[in-house]
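Since the structure comes first, as structure tokens, the remarks are kept for the end.
Protein chains: 6
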Amino acid sequence: MKRGFYIGRFQPYHNGHQTVLEHIATKVDEIIIGVGSAQLSHQVENPFTAGERVMMITRSLSSLDCPFYVIPIEDIQRNALWVAHVRSMTPPFDTCYSSNPLVVQLFREAGIEVLSPAMYERELLSGTEIRHRMLNKKPWKKLVPRAVVRVLDEIDGAGRLCQIAGDD
Amino acid sequence: MKRGFYIGRFQPYHNGHQTVLEHIATKVDEIIIGVGSAQLSHQVENPFTAGERVMMITRSLSSLDCPFYVIPIEDIQRNALWVAHVRSMTPPFDTCYSSNPLVVQLFREAGIEVLSPAMYERELLSGTEIRHRMLNKKPWKKLVPRAVVRVLDEIDGAGRLCQIAGDD
Amino acid sequence: MKRGFYIGRFQPYHNGHQTVLEHIATKVDEIIIGVGSAQLSHQVENPFTAGERVMMITRSLSSLDCPFYVIPIEDIQRNALWVAHVRSMTPPFDTCYSSNPLVVQLFREAGIEVLSPAMYERELLSGTEIRHRMLNKKPWKKLVPRAVVRVLDEIDGAGRLCQIAGDD
Amino acid sequence: MKRGFYIGRFQPYHNGHQTVLEHIATKVDEIIIGVGSAQLSHQVENPFTAGERVMMITRSLSSLDCPFYVIPIEDIQRNALWVAHVRSMTPPFDTCYSSNPLVVQLFREAGIEVLSPAMYERELLSGTEIRHRMLNKKPWKKLVPRAVVRVLDEIDGAGRLCQIAGDD
Amino acid sequence: MKRGFYIGRFQPYHNGHQTVLEHIATKVDEIIIGVGSAQLSHQVENPFTAGERVMMITRSLSSLDCPFYVIPIEDIQRNALWVAHVRSMTPPFDTCYSSNPLVVQLFREAGIEVLSPAMYERELLSGTEIRHRMLNKKPWKKLVPRAVVRVLDEIDGAGRLCQIAGDD
Amino acid sequence: MKRGFYIGRFQPYHNGHQTVLEHIATKVDEIIIGVGSAQLSHQVENPFTAGERVMMITRSLSSLDCPFYVIPIEDIQRNALWVAHVRSMTPPFDTCYSSNPLVVQLFREAGIEVLSPAMYERELLSGTEIRHRMLNKKPWKKLVPRAVVRVLDEIDGAGRLCQIAGDD
Numbered sequence: 000m001k002r003g004f005y006i007g008r009f010q011p012y013h014n015g016h017q018t019v020l021e022h023i024a025t026k027v028d029e030i031i032i033g034v035g036s037a038q039l040s041h042q043v044e045n046p047f048t049a050g051e052r053v054m055m056i057t058r059s060l061s062s063l064d065c066p067f068y069v070i071p072i073e074d075i076q077r078n079a080l081w082v083a084h085v086r087s088m089t090p091p092f093d094t095c096y097s098s099n100p101l102v103v104q105l106f107r108e109a110g111i112e113v114l115s116p117a118m119y120e121r122e123l124l125s126g127t128e129i130r131h132r133m134l135n136k137k138p139w140k141k142l143v144p145r146a147v148v149r150v151l152d153e154i155d156g157a158g159r160l161c162q163i164a165g166d167d
Numbered sequence: 000m001k002r003g004f005y006i007g008r009f010q011p012y013h014n015g016h017q018t019v020l021e022h023i024a025t026k027v028d029e030i031i032i033g034v035g036s037a038q039l040s041h042q043v044e045n046p047f048t049a050g051e052r053v054m055m056i057t058r059s060l061s062s063l064d065c066p067f068y069v070i071p072i073e074d075i076q077r078n079a080l081w082v083a084h085v086r087s088m089t090p091p092f093d094t095c096y097s098s099n100p101l102v103v104q105l106f107r108e109a110g111i112e113v114l115s116p117a118m119y120e121r122e123l124l125s126g127t128e129i130r131h132r133m134l135n136k137k138p139w140k141k142l143v144p145r146a147v148v149r150v151l152d153e154i155d156g157a158g159r160l161c162q163i164a165g166d167d
Numbered sequence: 000m001k002r003g004f005y006i007g008r009f010q011p012y013h014n015g016h017q018t019v020l021e022h023i024a025t026k027v028d029e030i031i032i033g034v035g036s037a038q039l040s041h042q043v044e045n046p047f048t049a050g051e052r053v054m055m056i057t058r059s060l061s062s063l064d065c066p067f068y069v070i071p072i073e074d075i076q077r078n079a080l081w082v083a084h085v086r087s088m089t090p091p092f093d094t095c096y097s098s099n100p101l102v103v104q105l106f107r108e109a110g111i112e113v114l115s116p117a118m119y120e121r122e123l124l125s126g127t128e129i130r131h132r133m134l135n136k137k138p139w140k141k142l143v144p145r146a147v148v149r150v151l152d153e154i155d156g157a158g159r160l161c162q163i164a165g166d167d
Numbered sequence: 000m001k002r003g004f005y006i007g008r009f010q011p012y013h014n015g016h017q018t019v020l021e022h023i024a025t026k027v028d029e030i031i032i033g034v035g036s037a038q039l040s041h042q043v044e045n046p047f048t049a050g051e052r053v054m055m056i057t058r059s060l061s062s063l064d065c066p067f068y069v070i071p072i073e074d075i076q077r078n079a080l081w082v083a084h085v086r087s088m089t090p091p092f093d094t095c096y097s098s099n100p101l102v103v104q105l106f107r108e109a110g111i112e113v114l115s116p117a118m119y120e121r122e123l124l125s126g127t128e129i130r131h132r133m134l135n136k137k138p139w140k141k142l143v144p145r146a147v148v149r150v151l152d153e154i155d156g157a158g159r160l161c162q163i164a165g166d167d
Numbered sequence: 000m001k002r003g004f005y006i007g008r009f010q011p012y013h014n015g016h017q018t019v020l021e022h023i024a025t026k027v028d029e030i031i032i033g034v035g036s037a038q039l040s041h042q043v044e045n046p047f048t049a050g051e052r053v054m055m056i057t058r059s060l061s062s063l064d065c066p067f068y069v070i071p072i073e074d075i076q077r078n079a080l081w082v083a084h085v086r087s088m089t090p091p092f093d094t095c096y097s098s099n100p101l102v103v104q105l106f107r108e109a110g111i112e113v114l115s116p117a118m119y120e121r122e123l124l125s126g127t128e129i130r131h132r133m134l135n136k137k138p139w140k141k142l143v144p145r146a147v148v149r150v151l152d153e154i155d156g157a158g159r160l161c162q163i164a165g166d167d
Numbered sequence: 000m001k002r003g004f005y006i007g008r009f010q011p012y013h014n015g016h017q018t019v020l021e022h023i024a025t026k027v028d029e030i031i032i033g034v035g036s037a038q039l040s041h042q043v044e045n046p047f048t049a050g051e052r053v054m055m056i057t058r059s060l061s062s063l064d065c066p067f068y069v070i071p072i073e074d075i076q077r078n079a080l081w082v083a084h085v086r087s088m089t090p091p092f093d094t095c096y097s098s099n100p101l102v103v104q105l106f107r108e109a110g111i112e113v114l115s116p117a118m119y120e121r122e123l124l125s126g127t128e129i130r131h132r133m134l135n136k137k138p139w140k141k142l143v144p145r146a147v148v149r150v151l152d153e154i155d156g157a158g159r160l161c162q163i164a165g166d167d
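Right under this line is the structure:
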């Protein structure tokens, strides 16, 4: 059984994440998706709760042909302990898929294989870009899976983001 | 969409949990399973990591005819904040299934419906009983789903429990 | 200006506390009342929130002829830092009134005067005794100020205590 | 009994806060004043301890014709839990008075009424402006109640601020 | 360069610890001594601060013919992260010397060699026994190195212990 | 016995620190060196673990003619408690040596003498400058003691820093 680990903040989950995960699904038997900074929400950089992000991911992957786990991972503010923290919260895995330089370094120091998946249309498909578009009332729905649009509509995600970004 | 929330420590997950969840599956559209005290492991009362418990549950429910989420929930040592904590980590739910008096009180004060499912052979089907049997080399494998036996064999769960329970 | 500090958990505030505070009021210009273990609630030993305890104390002392502050003090689990923690949360004070051996030691090591007020009917006037009576449906209302009875009625304090003390 | 909740950092408490509270006092039976970021002090943005801020507020309001509570509220770094945290530390309230966009959003999601009081001379009456003046030896005492001047003199507040803002 | 790690709470440091460390000194090039539960003090089970314990150990080993490090290690309440925590606070080491069943298990799961040193007169040479004797005014000074007696005299360690163990 | 306390982050330990400590060694009987922000590592501003920093310092001072203690000090994010935190982790001391404005203020408020040692070639001998040179492949080894070069070579310190500073 080969398991791959993929982590992100998913604020929100978008088509770039989906493409990467569909690729990983062809390489491993099971995928573990870590929802990073799980404790954060209601911030301009981190508007959505871990539970909302779990729901976006799970629904977007409902027809993925590979079993997966979606696990909230709270920050611990201790880089030297972070890999042990991740491993205590997840089923065992062999490979980490990440392009984040710190994540790459921490897993490598722990002796775990790291692969950096190619990313697709990275300027456009980024949480920063999508939140920027929500704040400026520009089109963003094409950039995320349809299941994510439904979740964000249900919780009025764009409304929340605009409110918390308002001036005092 | 009706979602039900069920929480336990699952040290380990056993046939009593399985029976309750199979019952809940007939009542709701989706189940959210909270893995409580997620930060604890390697203790006589809490031998298994959250990741190991997530794996036990997910595999045991692989043929359940109801979508489910398995979410580690770390303790926060603040009872008055616990419901908000749970809700931030989970998709929205309508009903909590629990017999624990504190859980019942906290959800009721938060205005959430709580149902207490009947439990089956409670003396026998309890984490305490199963850990006791592991420690005393008595038969325990009949009390848990076969998927749990496989996980515990893979991680040498009984060996870990006996070691940490040893005398200094 | 002479200020005195008095700390307790006040689970609940009772006539013994009231008597001590009425005595301290004759000795100082202002009283600071620290509500200890402020983060705890919904436990058999600590059923009431800090806010509920602040309300019990403030109302019971409404006719006290001495200005007072009521300040929740969260535990920090570091005895060596506790005096600094208390002082950061309170106006400056000269004297601590306490009979608790640890509190006495910590303030003395910090060079602060500690006085141990006589306590009145200590067996009867104790949080432990009052919670025991609530749990066993025995009379307790005579042991607390009338304002406390009203607060506990409003929040159904005795009902909460009985529920959380119930068997699983 | 109608209670209103008002929160600020009060670094320091100034005439703008005083004006708002005098207005709220005409609308409710009791006021609860939350002293936010209570754990912070000795920073350029947060020079004063919670205890010092409690003292500034309490003395400035000594002739207010409305009972009030002054409660330190430590940050919890979890926006989704913050309303539950505040409510556990305070007497129950019906209305929150705030213009802060995040506070407004969090209380509204929790189903609590929020009113945004008009603020008076906001450029001038702000903690930022007053700390700036203290650092640059410009006049600031007219911007705060006289009781605040006395507290700051007693603790040498301006001296502390200038020292911690110094170059290494 | 071969380094050995030895951990204890050292409440207080005694002749049993000294004997074990003198033995380890013959096996390795450098010793790392972890002062566990560093954050605890002023408790009947943990009366002394980390700083006091560092001083007891350093002075008692002043003539040891092996370089050593003495490092306070705060608890993290997460067994699965504890080895990573220890390693982040200490120079790298090859071997852990411990008889504590949990420590043994955690280091073994991390792939680090663990040796269990023989202990000498274990009933007598234990922190529990020494604290018991201090509390009951029985002779204890023979059970600890002379440097420890001097530290405990300087801080009135026995006096502190008796005070905090007193009845309320 | 006169003890002096000196604190830094030592990211990394350099010749400026060494010069100051050699000066302090002529003034006191024992030196306590606090390794600040001990919990941080693997950040561009804080690349090295506390254990790595302890090793750099201890080896660089191996021929210092003054006994010294090297103690990791984790941040506590509470300035008002920081002096008590430091004192709980260290042997007692009389004098703090520091030029940091906040450290000076906090120790002075606690009634402890603070001396500000002259610093030597401060533009050049700073952690910021050395990390900048590591990142830009410019010469830095002359700025630190030879023992530090050896530690950094052993752990590939410069390589770690460049990796974590990389673009995503």
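Protein chains in written order, with numbering that gives the first Met the number 0: chain P, 0 to 167; chain A, 0 to 167; chain C, 0 to 167; chain V, 0 to 167; chain Y, 0 to 167; chain R, 0 to 167.
For glycine and all other residues, C-beta sits at the position ideal for the given N, C-alpha and C.
The structure presented is a predicted model; accordingly, all values stated were derived computationally and were not measured.
Item, Value
"Note the first and the last residue of the continuous alpha helix (DSSP H) segment covering Ile-56/A.", "49-59"
"If I measure Cβ to Cβ from Ile-129/V and keep anything under 8 Å in the same chain, skipping five residues before and after, which residues do I get?", "Pro-11, His-13, Trp-139, Leu-142 and Val-143"
"Taking 7 Å as the CB-CB limit, is Gly-165/Y close to chain C?", "yes"
"On a CA-only basis, which of Glu-73/V, Arg-2/V, Asn-45/V and Arg-149/V is nearest Ala-37/C? Give me that one, please.", "Glu-73/V"
"Given this structure, state the Cα-to-Cα distance separating Thr-127/P from Glu-44/P, to the nearest angstrom.", "8 Å"
"Let me check understanding here. Comparing Cα to Cα, which of Val-147/C, Gln-76/C, Gly-15/C and Gly-3/C lies closest to Leu-123/C?", "Gly-15/C"
"Taking all protein chains shown into account, do 16 or more other C-beta atoms lie within 10 angstroms of the C-beta of Gly-50/Y, making it buried, or fewer, making it exposed?", "buried"
"Would you check if there are 3 or more beta carbon pairs closer than 8 Å linking the segment 26-41 of chain C to the segment 157-165 of chain A?", "no"
"In chain order, what residues of the same chain lie with their CB nearer than 7 Å to the CB of Trp-81/Y, ignoring the 5 residues before and after it?", "Ile-75 and Leu-105"
"Would a C-beta distance cut-off of 7 Å place Met-88/V and Pro-46/C closer than the cut-off?", "no"
"Applying a beta-carbon distance threshold of less than 9 Å, which residues of chain A neighbour Ile-70/P?", "Ala-49, Gly-50, Val-53, Val-69, Ile-70 and Pro-71"
"For a quick check, are the C-beta atoms of Asn-78/P and Ser-40/R less than 7 Å apart?", "yes"
"Hey, could you find the ends of the alpha helix (DSSP H) Glu-23/Y is sitting in?", "A small correction: the amino acid at residue 23/Y is Ile; Glu does not occupy that position in the sequence shown. Taken as a continuous stretch (DSSP letters only), the alpha helix (DSSP H) holding Ile-23/Y covers 14-23."
"Can you name the residues that DSSP bridges to Gly-3/V?", "Ile-30/V and Thr-94/V"
"Measuring only between beta-carbons, confirm whether Ala-79/V sits less than 7 Å from chain A.", "yes"
"Which residues in chain C sit within 9 Å of Ala-83/R, going by Cβ to Cβ distance?", "Arg-77, Ala-79, Leu-80, Trp-81, Val-82, Ala-83, His-84 and Ala-109"
"By the DSSP assignment, the alpha helix (DSSP H) with Phe-106/V in it spans what residues?", "100-108"
"Could you tell me the boundaries of the alpha helix (DSSP H) in which Val-82/A lies?", "78-88"
"Is the Cβ of Gln-162/Y closer than 7 Å to any Cβ of chain C?", "yes"
"Measure the alpha-carbon distance for Arg-2/R versus Arg-121/Y and round it to whole angstroms.", "35 Å"
"In the DSSP assignment, find the unbroken alpha helix (DSSP H) run with Glu-128/Y in it and report its ends.", "126-134"
"What does the Cβ neighbour count give for Ser-97/R, buried or exposed, with the cut at 16 atoms within 10 Å?", "buried"
"Output yes if chain P places a C-beta closer than 7 Å to the C-beta of Ser-36/R; else output no.", "no"
"Per DSSP, which residues does Val-148/A bridge with? Please list them.", "According to DSSP, which records beta bridges pairwise, Val-148/A is partnered with nothing at all."
"In the DSSP output, what is Ile-70/P paired with across the bridge?", "Gly-33/P"
"Going by other Cβ atoms of all chains shown within 10 Å of its Cβ, with 16 needed for buried, is Met-133/Y buried or exposed?", "buried"
"Any idea what DSSP makes of Leu-114/V, helix, strand or coil?", "strand"
"Using 7 Å as the limit for Cβ to Cβ distance, is Pro-90/A near chain C?", "no"
"In chain V, which residues lie with their C-beta within 7 Å of the C-beta of Thr-57/C?", "Tyr-68"
"What residue from Gly-7/A, Cys-65/A, Gly-110/A and Val-103/A has the CA that sits closest to Arg-52/A's CA?", "Gly-7/A"
"Does the beta-carbon distance from Met-54/V to Val-150/V come in below 7 Å?", "yes"
"Just to confirm before moving on: does the CB-CB distance between Phe-210/Y and Val-34/Y stay below 7 Å?", "This structure leaves residue 210/Y out entirely; chain Y is present only between 0 and 167."
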